[in-house]
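Reviewing the structure listed below.
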Amino acid sequence: MAAPLESVILKLLQNTTNEGQVEGFREIQGLFKDPTINISLCQCVTQSQDPQVRRYASLLLRRRVLKSKHWKRVPPDVKQGMKATILEAYIKDTDKTVRNALAELIAAIAKHDLPTNQWPELMALLSQSIRSNNNVDREVGLYSLSVITKALGDKLKPHFKSLLNLFQSTLVDMSSIDIPYYTIKCLTHMVCSIGTEELNIFQALIPNIINIIKALAPIDQAKACESLEIFDELLESEVAVLQPHLKGLVELCLMIASTDKFDADLRIKAVHIISYLIKLKKKSIIKQRLAQPMLEVLFPLMCQPCPGDTDDVDYEELEISLPSAAGQALDIMALHLPPTKLMPLIMQYIKPAFGHPNPHHRKAAFLALSVIAEGCSEYIREKYLPSFLPIIEQGVKDPDSCVCNSALYAIGQYAEYLQPDISKFAPQILPVLFEFLQQTCVLLQQGHKKPPSLVRTFYAVERFCENLEDIKPYLPNLMHCLTTFLTINTENSVTVKELAVESIGSVASSAKTEFVPYFQPVMEHLQRFIADKHTEETRPLQIQAIDTLAIIARSVGAETFKPVAHECVKCAIHLMMEVDDPDVRRSCYTLISSISCVLHEEMAPYLPTVIERMITTLKSNEEISVTTDYDKNNAFTLFEDGEEEETENGDMSDTNLENLEGDDEEDDDITGYSVENSYVDEKESVCVALKEISAELKGQFLTYLEACYEEVKKLVEHLSDDLRRTAIAAMGQFCITLNDIHVETSNLECRVALEKYLNMLFPKLFSLAREDTENGVVLACLETLQNVIDNIKQPAIYGGNLESICLLIRDVFQNKLACQDEADGDEDDQEAEYDGLILEYAGELIASLIKVTPWAQFAPYFAGLMPFLINKSKKACTVSEKSFSTGTLADIVSNMEARTVKPFISHLQPVFLGGMRDENEEVRSNSVYGLGVLAENAKELVFDQYPTYLQALSNMIASEEDRRTKDNVCGAIARLIKTNPEGVPLDQVFPVFLQYLPLKEDQEENSTVFECLVYLHSMRYKQLFENLPQLVKISSETLMHSGLKKGAIDPISSLLNNIYKEFPNDFDIILKSLPSENVEAIMKVRAVV
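With the UniProt record's numbering applied, the sequence shown covers 1 to 1089.
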């Protein structure tokens, strides 16, 4: 049959039309029903004179034997004959394309037979080929081996050592550049499977790999780019291999990135590797002083023209380019390197660029300021913010649009990451942004199709308003302007309205109930945008309108939103069921989640439909796209249909047996996976929504909890770090909800289910926190642990959980998590600000554990953890470290049982007293709070230290300017008085104490302050009664503060009622002297009592 088969293949090759391909393939299908087809294909491979036929026959035969279920059907004697024939053809064929196709075929069979040692001839042949004196033999041998290593992976492990020894010579064989190139391909495929026994040999090959890529880049950039993938693989799985060669690798990547004659793809690849190295080996980057040479390359790249410079679009929507890749690398530097090291270096480049005549240099300076905002937020707030803002304001007014756009982006980034300090500059920034908005509005009304900086202006306004502490003074003008945009109809009106609607959502989020006057008119616009029939072009406006409606539902209060809540839920359900768009469903899930906070138990009737659709989303695999070796639109699909027909026709009688065994080879042709962000965002919104709905509805959610838990649990291994993060948080909330139901109902089934889910959750949190390289995921693990402990309390730490949690905290403190880059002996252990958050979360976990764990049980663990916290309070530490240390220690002491602090007094007292003299107000504030709670907990153990404490407080209050710190001084004085009034010279202290009341910023301390005043009243302290008018006024002003905490209301009420009972006439006289709003606040509290 070989002759007719060859003629059919020739016909197929010659007729390249789609119809001809399909017709030819149908003929092949007919021939494939012959049981001897494998032999015929082998004959074509060895006997045809046409290399194209030999190559195509090899590909067909590969498809024929690729899957194990088909290879198993081949009789043993035929298998042996086929293998011998294929190897013979591989040796004799001189056509390179045919030999490469034969290599693919050999790899397909090797995957089945090599691991079980059924093809010993193969490795001997490959070794012979690679050692041949003929260049082509060596090339093809290594190409074949690269295909086999890709196909077999760790199944080839018994041969790794001999292969690595062989590669030592092929890597330096420059007789043909393809020889070291294919060697690198082999090594790339082996990376994921190498073990400790091969590590040293592999590590020794790295310098040669670097040299080969350096030599390859000027000759063949595509191959150089592919070769760089070995470092991607090493960074993913065996980063330790690179440690001794880090400097050489960075120098290679910087050389490639800075070479103008290289293509963008190769240079971008090099920049991405630099970014990955910064993320995973940050301490080594600092120790080897590599940050400076990185910036020498990255900042000039940012100064190059970029495709999106003059386009008014969101930076995140731009395609990746060399300047944007450099900007992302700088962003990663800011997130992972200590700001004290990075900021002085980057300022060397930014400062001169502000005044550069080339606008692209000025643009780069403002973009650099933007991307470092998140990672260096505290350092910028501390050192640079007042000096940066006038420069950014000037940049907004730059005549060049690319500079103006980047400066507006900087405002948005600063508004997002530099709170609360940035809000203090609202009076000078917002007028500039409002002027831009108004100018844009006028231009649009005049028919201007695309006003300059439209998107960036809205972005800056949106971010600034969303995070503004007090938006009320700006609301009238801002809302008038934004709602005007909703009525403009121009060519770009959909985009304009979408941007305005998004900004209105940010305003509502900031304004809360102050937004109520604008609720009805805005709702009329949103209802129209949501209800209209939409095309692909107008759909984003509908989606944004739903997102903004969800924000408004959370912001204006249940009383305002409830009248429209049911209608909104029904609309969301209709859209999520009828519109096949992941972004629409995502926004609908978000809206339903928001409304659950308004309707509470009234949401129950909607849950069956909502939860069913959400679970369908969680089960979907639509976000994963699979790339294969074969284009599914070509005729190979017909071949696969033929394979299925063969099965259906009953050629084999053991089909059921094979189905039971499973087919683990279904992905043989898969070359990669890609993730579709819209579907990932949809799943993320489901996790967030389920978390919130379960918290709001509790018992009414119980029916769905198990199914939701099981589906969400599967997502903690997802490729998307955002999805892993939200899945973890949702699983934690499901456990909290179960516990709440059990506490309320004593439902034993809930208790059993809770134990089961905690047993699944905690090990996953521990492993993920240690192994995940994404800081956000690790933070989510620590936060979820804390939430579970805070809400479930002792049942959460039963068994070995307490020890496991403390071991995890210790690992955080010792930089042993995968995301932390374990210290390598460098004495400079400063952390990046983002890494400091992980320490902070771990410290908060200790405070949570103290609340729920008997002290005798927890004391040994705390003794082991405290030295680290003390160490981070030293004067030489960074501000963030000292703030973290003093704040964490203070929180821990505040939650300890009375007098249990005794063993630690001598360690804690110097920390707090020293911190009270620190230059940073946050450190001082934390420290004085810590001193107060230390005195409160230690009681008589520190009575002899009161003179020292009081002197330190006196010195501090005399010079302190920060309001929050002054509030904490008042809190500390109140604690000293309550704990030991005899140890405090009240006649001297009390007048000063009153002078600084009411508290201005730290409203948490009001409960302590007023408990102290109530205590002094019970003591009949004379000066208190002499200052009743002032006390009543202080009480009224405290009650009127928007940030008043519930815990303060009872002591304030108690104090006021005690005064009224004893001195009713005087009380009434005092009230008459106060403004009406103060009197109203007092009467509300007294009415409650």
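Where a beta carbon is used, it is the ideal one built from N, C-alpha and C, also for glycine.
Nothing here was measured: the structure is a model prediction, and the numbers come from that model.
Can you tell me whether residue i is buried or exposed, with buried defined as 16 or more other CB within 10 angstroms of its CB?
i     : result
C735  : buried
E833  : buried
A898  : exposed
N649  : Model confidence at N649 stands at a pLDDT of 35, short of 50, so the residue's coordinates are unreliable and nothing is read from them.
S7    : exposed
R725  : buried
M479  : buried
R1086 : exposed
M896  : buried
A876  : exposed
P473  : exposed
C192  : exposed
L657  : Low confidence applies here, because L657 scores a pLDDT of 29, under 50, leaving its location unreliable; read the following figure in that light. When all chains shown are included, L657 counts as exposed.
A856  : exposed
D654  : The pLDDT assigned to D654 is 37, lower than 50, so where the model puts this residue is not dependable, and the model offers no usable value.
S873  : buried
S1073 : exposed
G447  : exposed
Relative to the C-alpha of residue i, which candidate in the options has its C-alpha closest?
i            : options                    : result
I805         : L849, I37, N937 and N920   : L849
I1052        : E1005, I1069 and T188      : E1005
R924         : I957, V494, K713 and L1044 : I957
K902         : C970, Y384, L934 and I615  : L934
residue 1109 : A108, S954 and A847        : Absent from the model: residue 1109. The displayed extent of the chain is 1 to 1089, so no value can be given.
D944         : G915, E982 and V911        : E982
E502         : T457, Y861, P476 and V516  : T457
V507         : V45, V556, L322 and Q527   : V556
I429         : K397, R289 and C402        : K397
T888         : A876, K875, T900 and L865  : L865
E238         : N200, V250 and I212        : N200
T484         : L499, A730 and D470        : L499
Kindly indicate the opening and closing residues of the alpha helix (DSSP H) around residue i.
i            : result
C253         : L246 to S258
A511         : S493 to A511
G932         : E921 to A938
A604         : That residue, A604, is in no alpha helix (DSSP H); it is neither H nor E in DSSP.
C186         : D178 to M190
residue 1092 : Residue 1092 is absent from the model: the chain starts at 1 and stops at 1089.
D331         : L322 to H336
L66          : Per DSSP, L66 belongs to no alpha helix (DSSP H) and is neither H nor E.
R964         : R963 to T979
A780         : N775 to I792
G915         : I905 to G915
C402         : S401 to Y417
A291         : A291 to M302
Y276         : A264 to L280
R73          : Segment: none, R73 is in no alpha helix (DSSP H) and carries neither H nor E.
L575         : A558 to E578
S873         : Element bounds for S873: n/a, residue is neither H nor E.
D547         : R539 to S555
A368         : P359 to V371
| task | Any chance you could list the alpha helix (DSSP H) runs of at least 4 consecutive residues sitting entirely within the stretch 103 to 158, in chain order? | result | 120 to 130 and 135 to 152
| request: Could you tell me whether the stretch 754 to 766 touches the stretch 778 to 789, using the rule of 3 or more Cβ pairs below 8 Å? | output: yes
| Runs of alpha helix (DSSP H) lying entirely within the stretch 696 to 762, each at least 4 residues, in chain order | 702 to 713 and 721 to 745
| Are the stretch 400 to 417 and the stretch 461 to 476 touching, with three or more C-beta to C-beta distances below 8 Å? | yes
| Three or more beta-carbon pairs under 8 Å between the stretch 255 to 273 and the stretch 333 to 353, yes or no? | no
| What alpha helix (DSSP H) runs, 4 residues minimum, are completely inside the stretch 1003 to 1082? | 1006 to 1018, 1022 to 1026, 1028 to 1040, 1046 to 1062 and 1064 to 1072
| request: List in chain order: all unbroken alpha helix (DSSP H) runs of 4+ residues lying wholly within the stretch 824 to 867. | output: 833 to 852
| said: I want to know whether the stretch 43 to 60 touches the stretch 101 to 119 - three or more CB-CB distances under 8 Å. | reply: yes
| Validate contact between the stretch 355 to 371 and the stretch 867 to 877 using beta carbons, cut 8 Å, 3 pairs | no
| query | How do the stretch 179 to 186 and the stretch 216 to 228 stand: do at least 3 beta-carbon pairs fall below 8 Å, yes or no? | reply | yes
| message | For the structure I just gave you, are there three or more beta carbon pairs, one from the stretch 169 to 178 and one from the stretch 124 to 138, closer than 8 Å? | response | yes
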